[in-house]
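Here the structure is laid out as C-alpha cells; the discussion comes afterwards.
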Amino acid sequence: MTMYCGYCGSKIDDGAKFCVNCGAKVEEEAPAAEEPRITVPQNPAQPQQYNPQPQQQYWQQPQAPQMPPQWQPQPQWQPQPQWQPQPVPAKKKGKGGLIAVIAAVAALIVLAVIFVPKLLGGGLPSIGGPAEIDNTSALKKAETPEEYYQIVERSAVNSLSGTVSSAYDNFVDGSVVTEDQSVSGELEIELGNEGRAIIVDLLGEGIDEIKPGDDFSWLKNLKVAYEVNRKDGRGSLSAKFGVNGADITSADGITDSEQGLTWLRIPDLADSYLELDSEDIDLDRFNFSFADIISGILDGDMESDEINAVSKALPDSATLDKLLKKYLEAAVECIDTVDKNTESLYAGSVSEEYNVLDIVIDSEAAKKLCEKLMPMMKEDEDLRKIIIEIAKANDKDGEEQYDEFISNLDDTLNDLDSVDEKMEYDVMMTVYSDDKGVVHGRIVDFGDNHIEILMPENKSDVGLSIYIVKDGEDVLLITGSGERKGDKLTMELDLTVQDKYFGTVTLDGFDDRQFKAGNLVGGIGFKPSRELFDFDDEDMPEVIKSLLEDVELIFDLNVVKTKTDIKLTVLTDGKTILTGKLTANTGGAKSVGTASGISPDEWKDEVTLDSLEKLVAKLEKAGVPTEYTDRIDEALEDSF
68 MTMYCGYCGS KIDDGAKFCV NCGAKVEEEA PAAEEPRITV PQNPAQPQQY NPQPQQQYWQ
128 QPQAPQMPPQ WQPQPQWQPQ PQWQPQPVPA KKKGKGGLIA VIAAVAALIV LAVIFVPKLL
188 GGGLPSIGGP AEIDNTSALK KAETPEEYYQ IVERSAVNSL SGTVSSAYDN FVDGSVVTED
248 QSVSGELEIE LGNEGRAIIV DLLGEGIDEI KPGDDFSWLK NLKVAYEVNR KDGRGSLSAK
308 FGVNGADITS ADGITDSEQG LTWLRIPDLA DSYLELDSED IDLDRFNFSF ADIISGILDG
368 DMESDEINAV SKALPDSATL DKLLKKYLEA AVECIDTVDK NTESLYAGSV SEEYNVLDIV
428 IDSEAAKKLC EKLMPMMKED EDLRKIIIEI AKANDKDGEE QYDEFISNLD DTLNDLDSVD
488 EKMEYDVMMT VYSDDKGVVH GRIVDFGDNH IEILMPENKS DVGLSIYIVK DGEDVLLITG
548 SGERKGDKLT MELDLTVQDK YFGTVTLDGF DDRQFKAGNL VGGIGFKPSR ELFDFDDEDM
608 PEVIKSLLED VELIFDLNVV KTKTDIKLTV LTDGKTILTG KLTANTGGAK SVGTASGISP
668 DEWKDEVTLD SLEKLVAKLE KAGVPTEYTD RIDEALEDSF
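Residues in the sequence shown are numbered from 68 upward in steps of one, following the working numbering.
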C-alpha cells in the first residue's frame, strides 16, 4: 500500500523509517494533533515569502496530510511527535517586572549561558573552541535528570571560561576608543569593466562631456594610505592619494578638541594650514567602537565621550571571565526540577537526535537564586569595584551607588515573598545536548520573548537556526545549513529581520575557532533581497536599479585584535564591479603636535593656478586621458 508522510504529504518508500523530504519519523498512522515545540520554519526556495508565526505563539498544530497531486511543499521544519509541550505560562499579577538584581542575574544567564557558549564556542564544538570535556562516563552515572543537567551546564560553563576573555578583549576592550591609539594602513579600490561602465553612466547624467560608451579602461585603481593618531585630547591625520599606482597628492591635519579647531594642510596647494572651526567635530564619530553599541541601546541619551568613559570603566576580560564562571555555576546549582527525554533537533536541512532537558524557573526557583547569589554579591569585591568605577565614569557618586545596590539586595533577602508579586512570568528553557554533554541548542521563553539557537550536526553536515522574538515582535530569524571541515564552516543562511527578508548570507571557509577567540577569519558573502530596495523610486538612476537587481557582496576577512585585512568584491550578475582592499594596524599613538593656520579666505589666496596645474599634470602621468585633463585646465584658467 502506498504511504504518504503524515506531516508534509511526500510519498514514502516501502520500509523507510524517515521521510526523505522533511525527516519526520514514519509511523503507521499520523500521530494525533498535539502542540509540538516549533523550530523556525524555513523555505529556501522562496525565503522572502516566509511569514513567522502569530505573535506570542511559538507552538503550532501539525497540519493534516494532503495527498498528491494537490500537495504543496511545506517548510523543512516538521513537528516532533515524541515531545509533550508545556503550556505557555499565563502572566502573573504583580508590579510589572523582576526586581533589578534578579533581572541582572537573568541577563547574565541568558547572555552568557545561552548566547556566549553558542556564538563563542563554550560548550559547543559546533562553533569551535578548545576540545570539550567528554562527560560521557559521568552522564551515564547520573541518577536523575537534575544531576544530568548539572553535569551538562557545568561543562558548558567550564568551556566558556577562557574563551570569553579573548572575545571580550577584541569586541569590547579592543574597540573602545582610547586617548592613546593609532591606526595606519591603506584603502585601495580596483574597478572591473562593469564598475567602469557604471561610473560612466552615473557621471554622464551630470557631466555633458561624458557620454555613454566612453572608454574608461584607463581608470584601474584608486589608493589612499593613511595614519590616524589620537592622544592627549588631540588627533592627527595624514593621507596620501594615488591613481593607477602613481602618487597624486597628500594632506595632513590636526584637531584639538579643547580649542574646537582643526588645521588642514595640502602641501601641493599651499604651505600654510587652513584653520577651521571644529567645535562640533568629535573624533569618536570616525571610530566604530563599543561606545556606538551602547549609544544605540541607550537611544542617544548619553554623549559619546560619556559612553567612552563608561566603556573604559568596564572590567577587564579576566575579571569578567571569573565573575561569569562564579555566578553561572552557582545559578546552575539552584535548578532542581528538570524533565529529560530525547528527540530529534532540526535546523536547516540537518537533523540529529539529542537529549532534551526542560527547565522552568518560577518564583520558587527565583527565590533560591536570590538566596544563593545575593549573599555572594554582597561579599564580592570585584563587583563592588565595577559598580563604583562605572558610576564614577557616569559622573555619579560610586560609593552611593554601591550602597544603594547593597540596600536593594538586603530588601529582597529580607522579604523573599515579594518575588512572587514582582515576577511577571516564569522562564522556560530547553537544552539539547549529545551523550558527551555538549550543548547543540537552547530555547528560552520568558513572557512575550523567545530565544532559539539551534545547531545540530550530523557527521560533517551542520544546521543553524537562530530565532528571536522580543515583546511579541519577531526580531531576527537566521536559518540554513552547510558543512564543516575541521574548524572551517561553509554554509548558506537566510536572514530575516523584523519580518523583512534581507537576503542570503554565505560562509565560505569561515574559521569558527578564530571567531570564538574574537577574530574574523574566512569568507562571508551577502546577496541582498530585492525587498530591501525601492525600485519604484523615480529618483533612483536606472544604472543603480540595474546594479541592485543582482548585486552580491563577498568579504575575505582576516581581522584580529591589532591587525585588519579585508578584501571586498562587489558583483552584479556574476561580473566584478569593484574590488576594495583595506588594511589597518592599531598601536600606541605618537605625540600629536600643534599647529596654527589662516582663515579660509587667506588660504584661498595662497592657492595658485600653477600649483593646481601641477596636480593636473600628475593626473596625466597617472594615465588620465588628455581630453579630461585639458577640460580641467580650461576650467581652472576660467576661475583664475
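Every residue, glycine too, gets a C-beta built ideally from N, C-alpha and C.
Inset, instruction - Tell me the start and end of each unbroken alpha helix (DSSP H) in the stretch 586-635 that is at least 4 residues and wholly inside, in chain order. - result: 609-616
Inset, instruction - Have a look at residue 462 and residue 441 and give me their C-alpha separation to the nearest angstrom. - result: 26 Å
Inset, instruction - Evaluate residue 551 with the Cβ neighbour count: other Cβ atoms within 10 Å of its Cβ, from every protein chain shown; 16 or more gives buried, anything less gives exposed. - result: buried
Inset, instruction - Specify the secondary structure class of residue 707 as computed by DSSP and reduced to three states. - result: coil
Legend entry - residue 443 (DSSP reduced to helix, strand or coil): helix
Inset, instruction - Decide if residue 607 is buried, meaning its Cβ has at least 16 other Cβ atoms within 10 Å, or exposed. - result: exposed
Inset, instruction - Name the one or two DSSP bridge partners that residue 504 has. - result: Per DSSP, none; premise fails for residue 504.
Inset, instruction - Check whether the Cβ atoms of residue 202 and residue 503 lie closer than 7 Å to each other. - result: The answer is yes: Cβ separation under 7 Å.
Inset, instruction - Tell me whether the beta-carbon of residue 403 lies closer than 7 Å to the beta-carbon of residue 213. - result: yes
Inset, instruction - Would you mind stating whether residue 637 and residue 645 have Cβ atoms separated by less than 7 Å? - result: yes
Inset, instruction - Could you tell me which residues DSSP puts in a beta bridge with residue 536? - result: Residue 536 has 517 and 541 as its beta-bridge partners, per DSSP.
Inset, instruction - Please confirm whether residue 662 and residue 285 have their CB atoms less than 7 Å apart. - result: no
Inset, instruction - Please go through the same chain and pick out, in chain order, the residues whose beta-carbon is closer than 6 Å to the beta-carbon of residue 253, but skip the five residues on each side of it. - result: 292 and 650
Legend entry - Buried or exposed (CB count within 10 angstroms, at least 16 for buried), residue 481: exposed
Inset, instruction - Find the nearest neighbour of residue 682 within the set 666, 700, 668 and 671, judged by alpha-carbon distance. - result: 700
Inset, instruction - Entirely within the stretch 243-303 and at least 3 residues each: give me those beta strand (DSSP E) ranges in chain order. - result: 247-258 and 288-298
Inset, instruction - Give me whichever residues DSSP pairs with residue 527 in a beta bridge. - result: Answer by DSSP bridge pairing: none, since residue 527 is not bridged.
Legend entry - Run of the alpha helix (DSSP H) containing residue 465, from where it starts to where it stops: 465-481
Legend entry - Rounded distance between the beta-carbons of residue 513 and residue 542, thought under 8 Å: Distance from residue 542 to residue 513 at the Cβ level is roughly 14 Å; contact not present, criterion being Cβ atoms closer than 8 Å.
Legend entry - residue 592 and residue 621 closer than 7 Å at C-beta: Between residue 592 and residue 621, the CB-CB gap stays under 7 Å.
Legend entry - Per-residue burial, residue 496 [other beta carbons within 10 Å of its own, 16 or more giving buried]: buried
Legend entry - When 263, 249, 277 and 260 are compared against residue 294, the one with the closest alpha-carbon: 249
Legend entry - Touching by the beta-carbon criterion (3+ pairs, under 8 Å), the stretch 522-533 and the stretch 447-463: no
Inset, instruction - Answer with buried or exposed for residue 707, where buried requires no fewer than 16 other C-beta atoms within 10 angstroms of its C-beta. - result: exposed
Legend entry - Opening and closing residue of the beta strand (DSSP E) in which residue 325 lies: Per DSSP, residue 325 is not a residue of any beta strand (DSSP E), being assigned neither H nor E.
Legend entry - Straight-line Cα distance separating residue 573 from residue 586: 18 Å
Legend entry - residue 395 to residue 475 span [Cα, whole Å]: Distance between the alpha carbons of residue 395 and residue 475: 21 Å.
Inset, instruction - Can you grab the Cα-Cα spacing for the pair residue 678 / residue 630, in whole Å? - result: 37 Å
Legend entry - For residue 408: DSSP bridge partner residues: 423
Legend entry - residue 645 in three-state terms, based on DSSP: strand
Inset, instruction - Could you pull the start and end residues of the alpha helix (DSSP H) that residue 203 belongs to? - result: Counting along the chain, the alpha helix (DSSP H) containing residue 203 begins and ends at 203-208.
Inset, instruction - Enumerate in chain order the residues of its own chain whose CB-to-CB distance from residue 205 is below 8 Å, with the five nearest sequence positions on each side excluded. - result: 218 and 504
Inset, instruction - Taking residue 657 as part of the alpha helix (DSSP H), name the residues at either end of that continuous run. - result: Residue 657 -> no alpha helix (DSSP H), and no H or E assigned at all.
Legend entry - Local Cβ density within 10 Å of residue 210, reported as buried at 16 or more and exposed below that: exposed
Legend entry - Residue closest to residue 289, alpha-carbon to alpha-carbon, out of 314, 332 and 303: 314
Inset, instruction - Verify whether the separation of the beta carbon atoms of residue 506 and residue 223 is less than 7 Å. - result: Cβ distance < 7 Å, so residue 506 and residue 223 count as in contact.
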